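Peer 1:
Residue numbers (my numbering): 2 to 587.
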């Protein structure tokens, strides 16, 4: 990670990087506007996703066909390991972001306006003692000090969020598998406090990130995790640099590197900190970070802590990304008026709020073209994507060594906790020394490391069964079936049909409370999301599909959503006719 962008010694050597033809002799005609237009067209073609992804693969296929024609491969049959549930790489499901009309958007803003008007009225009557004030506020004796709370955030929390607090923060009391037990609670003061009658409700769980169904209290993962407690205990009770890591974690790091096909890997006890604490170790104030618009909060925090300059490109937009790359190389750092020492592109595999899959082939092509580095966060995609669960790198058929930093978490597909960073041995060795997590946090708990090791071994088929492959295929089938059914019903669904994250747009803030409560009454536990986690006009219900779900469970959820969509008139799609006569099979 110490290499610099080429041509540092002269301020004019970057010119050869630019896609512009400069004429210095009288024999050649000058550069015309039409030439620039042609250059831009050619540039778009060169960075098109199909060319970026599959040129090398087609070359390899042609070589294999030549070998077969020469008689080397005769008689060989295609094995099950070559089967890709997602189909041909050249025909991957595109990301879809259907937009609503301006009138509907206007109505959503009107709903927010009405919400804030009534909130101000409530503030007024509370101030004069007509309504008891139960909110937390600044001490009047400290009114001249700097406030601890943001005025708007406190206003929004006590007047908007509190009204739908019952659909969030629901305590669970069982394993978050295909079903989960929720602790029943009731509030008599508008969700400020709760009473717990001591009962529980079993619901279909479409809100947890249990993609492959490894969140289990029985089975090989649970058994081996329990056995590791007898050998290594629950905690190392120290930091990595003081005492070291557990045997389970050391074995896990080797297995992660082997699973991903890279040189080395390092594991951490917290997924959020894997991003926020390690990104500052890779760049400094002389570097540039180019971040996707919808990157996770942990990545945003890591960018801020690093001190590097940060620029944001439009979500999954290769033209926007390339423009920033070209400008960064052409103009350098405006603070120092010198070239950036390092340019790091940060993206996610699957975006947890959009359900979209990153254009990894296009990003790798641009990264190579402009000599930048690539940081890929596979928190939601590792284990859940690819024919053998190796994430979007495998899903797109890319070489894992083309990604400089492979990051992922174990909280989703592996039913555990923590995260990892993988890549070249030099990079991982640097992080072992420089990462603050080695000095200020504990290593992974041994039973957690063992849970991940066992589940990853099952995915790799090391248990002698095809259980891992079946889970991956079942997840892909469930995700595609659920998404297509929602679209057929008339709902707007963001993202790719291959993604297990299914955001169903409901737009209006009042719909969040309606869906959250009505789904719970029908024994379904789901997640509703609104501002500030999303844009004000894009409230949504986010379903997380699991391999543990049966078709009957999914059909029940779909029937319930269809009923609520008709009741609330939240079927906003204008493309449902495209799916009306389509036969959707599981």
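Don't be surprised by glycine CBs; every beta carbon is placed ideally from N, CA and C. Remember, it's a predicted structure, so these values are computed and weren't measured experimentally.
(1) To the nearest angstrom, report how far apart residue 503 and residue 540 are at their CA atoms.
(2) Tell me which same chain residues have a C-beta within less than 8 Å of the C-beta of residue 260, skipping the five on either side of it?
(3) Three or more beta-carbon pairs under 8 Å between the region 476-488 and the region 262-277, yes or no?
(4) If you draw a straight line from the alpha carbon of residue 567 to that of residue 191, how long is it in whole angstroms?
(5) Residues in its own chain within less than 6 Å of residue 498 by CB, not counting five upstream and five downstream?
(6) For residue 318 and residue 405, I'd like the C-alpha separation in whole angstroms.
(7) Rounded to whole angstroms, what is the Cα-Cα separation between residue 468 and residue 452?
(8) My understanding is that residue 364 touches residue 300, with C-beta atoms under 8 Å, so please give their C-beta distance in whole angstroms.
(9) DSSP on residue 326, reduced to helix/strand/coil?
(10) Should the region 324-335 be regarded as contacting the region 265-275, the criterion being three or more beta carbon pairs within less than 8 Å?
(11) Would you tell me roughly how many angstroms separate the C-alpha atoms of residue 508 and residue 362, rounded to the nearest one?
(12) Would you say the beta carbon of residue 348 is closer than 7 Å to some non-hydrogen atom of the ligand COA?
(13) I need the straight-line Cα distance from residue 152 to residue 117, nearest angstrom please.
(14) Do you know how far the Cα of residue 564 is from the Cα of residue 410?
(15) Determine the closest residue to residue 196 out of 172, 148, 536, 182, with distance taken between C-alpha atoms.
(16) I want to know whether the region 166-184 touches the region 192-212 - three or more CB-CB distances under 8 Å.
(17) Helix or strand or just coil, what does DSSP make of residue 271?
(18) Which runs of the alpha helix (DSSP H) at least 4 residues long sit entirely within the region 121-190? Give them in chain order.
(19) Under a three-way DSSP split, which group does residue 467 fall into?
(20) What's the C-alpha gap between residue 230 and residue 128?
(21) Which residues in the same chain have their Cβ closer than 7 Å to the Cβ of residue 295, if we skip the five residues on either side of it in sequence?
(22) By how many angstroms is the C-alpha of residue 137 removed from the C-alpha of residue 92?
(23) Could you check where the alpha helix (DSSP H) with residue 449 kicks off and where it finishes?
(24) Can you tell which of 306, 342, 86, 373 has the C-alpha that lies nearest to the C-alpha of residue 436?
(25) Going by the beta-carbon positions, is the gap between residue 86 and residue 474 smaller than 8 Å?
(26) In whole angstroms, what separates the C-alpha of residue 379 from that of residue 109?
(27) Between the C-alpha atoms of residue 90 and residue 407, what's the straight-line distance to the nearest angstrom?
(28) Between the beta-carbon of residue 476 and the beta-carbon of residue 546, is there less than 8 Å?
(29) With distances taken from CA atoms, which of 335, 512, 399 is nearest residue 366?
(30) Buried or exposed: which applies to residue 213, given that a residue is buried once 16 or more other Cβ atoms fall within 10 Å of its Cβ?
(31) Could you work out which residue in 535, 494, 486 is closest to residue 581 when comparing CA atoms only?
(32) Whose CA, out of 576, 583, 584, lies closest to the CA of residue 100?
(33) Classify residue 538: buried if its beta carbon has 16 or more other beta carbons within 10 angstroms, exposed otherwise.
(34) Could you check which residue in 344, 443, 584 has the C-alpha nearest to that of residue 369?
(35) Could you tell me the distance, in whole angstroms, from the CA atom of residue 359 to the CA atom of residue 237?
(36) When you compare each of 501, 450, 194, 573 to residue 492 by their alpha carbons, which one comes out closest?
Peer 2: Well, looking at it:
(1) Counting from one through the chain shown, the residue named residue 503 turns up at place 502. Counting from one through the chain shown, the residue named residue 540 turns up at place 539. Taking the straight line from one Cα to the other gives about 13 Å.
(2) Looking up residue 260 in the chain shown gives position 259. Cβ within range, chain order: 391, 457, 460, 461.
(3) no
(4) As a position in the chain shown, residue 567 is number 566, starting the count at 1. As a position in the chain shown, residue 191 is number 190, starting the count at 1. Answer to the nearest angstrom: the Cα atoms are 28 Å apart.
(5) Working through the chain shown from its first residue, we reach residue 498 at position 497. Within the same chain, residue 498 has close Cβ partners 94, 481, 484.
(6) Residue mapping note: residue 318 aligns to position 317 of the chain shown, counting from 1. Residue mapping note: residue 405 aligns to position 404 of the chain shown, counting from 1. Rounded to the nearest angstrom, the two C-alpha atoms are 20 Å apart.
(7) For this step, residue 468 is matched to residue 467 along the chain shown. For this step, residue 452 is matched to residue 451 along the chain shown. Going by the C-alpha atoms only, they are around 16 Å apart.
(8) The residue labelled residue 364 in the question sits at position 363 within the chain shown. The residue labelled residue 300 in the question sits at position 299 within the chain shown. Their Cβ separation, rounded to whole angstroms, is 15 Å, which puts residue 364 and residue 300 out of contact at 8 Å.
(9) Mapped onto the chain shown, residue 326 falls at position 325. If DSSP states are grouped into helix, strand and coil, residue 326 belongs with the helices.
(10) no
(11) The count along the chain shown starts at 1 and reaches residue 508 at position 507. The count along the chain shown starts at 1 and reaches residue 362 at position 361. Approximately 32 Å between the Cα atoms of the pair.
(12) The model on display carries no ligand, and the ligand COA is accordingly not part of it.
(13) In the chain shown, counting from the first residue as 1, residue 152 sits at position 151. In the chain shown, counting from the first residue as 1, residue 117 sits at position 116. So the alpha carbons of these two residues sit roughly 14 Å apart.
(14) Residue 410 sits at position 409 when you count from the first residue of the chain shown. Residue 564 sits at position 563 when you count from the first residue of the chain shown. For residue 410 and residue 564, the distance between alpha carbons rounds to 36 Å.
(15) Taking the chain shown and counting its residues from 1, one reaches residue 196 at position 195. The candidate whose alpha carbon is nearest that of residue 196 is 172.
(16) yes
(17) Within the chain shown, the letter at position 270 stands for residue 271. Note: residue 271 maps to coil in three-state DSSP.
(18) 152-160
(19) Within the chain shown, the letter at position 466 stands for residue 467. It is coil, neither helix nor strand.
(20) As a working note, residue 230 is residue 229 in the chain shown. As a working note, residue 128 is residue 127 in the chain shown. If you take the alpha carbons of residue 230 and residue 128, they lie about 55 Å apart.
(21) For this step, residue 295 is matched to residue 294 along the chain shown. Hits under 7 Å: 316, 352, 354, 355.
(22) Walking along the chain shown from the start, residue 92 turns up at place 91. Walking along the chain shown from the start, residue 137 turns up at place 136. Computed Cα separation, rounded: 54 Å.
(23) As a working note, residue 449 is residue 448 in the chain shown. Per DSSP, residue 449 belongs to the alpha helix (DSSP H) from 447-461.
(24) For the purposes of this step, residue 436 is taken as the residue at position 435 of the chain shown. Selected option, being the one with the closest Cα: 306.
(25) As a working mapping, residue 86 is identified with position 85 in the chain shown. As a working mapping, residue 474 is identified with position 473 in the chain shown. In this structure, residue 474 lies closer than 8 Å to residue 86 by Cβ.
(26) As a position in the chain shown, residue 379 is number 378, starting the count at 1. As a position in the chain shown, residue 109 is number 108, starting the count at 1. Answer to the nearest angstrom: the Cα atoms are 33 Å apart.
(27) Within the chain shown, residue 90 is the residue found at index 89, counting from 1. Within the chain shown, residue 407 is the residue found at index 406, counting from 1. In a straight line, the C-alpha of residue 90 is about 21 Å away from that of residue 407.
(28) The residue labelled residue 476 in the question sits at position 475 within the chain shown. The residue labelled residue 546 in the question sits at position 545 within the chain shown. Contact flag set, yes.
(29) Position 365 of the chain shown holds residue 366. With distances taken between Cα atoms, residue 366 lies closest to 399.
(30) Position 212 of the chain shown holds residue 213. So residue 213 counts as buried.
(31) In the chain shown, the residue the question calls residue 581 occupies position 580. The shortest Cα separation from residue 581 among 535, 494, 486 belongs to 486.
(32) Position 99 of the chain shown holds residue 100. Nearest option by C-alpha distance: 576.
(33) Here the question's residue 538 lines up with position 537 in the chain shown. The residue is buried, with at least 16 neighbouring Cβ atoms inside 10 Å.
(34) Reading the chain shown from its first residue, position 368 is the one you call residue 369. Of the listed residues, the one whose Cα sits closest to residue 369 is 344.
(35) Translated into the one-based positions of the chain shown, residue 359 becomes position 358. Translated into the one-based positions of the chain shown, residue 237 becomes position 236. Each residue's Cα considered, the two are about 37 Å apart.
(36) Mapped onto the chain shown, residue 492 falls at position 491. Of 501, 450, 194, 573, the residue nearest in Cα terms is 573.
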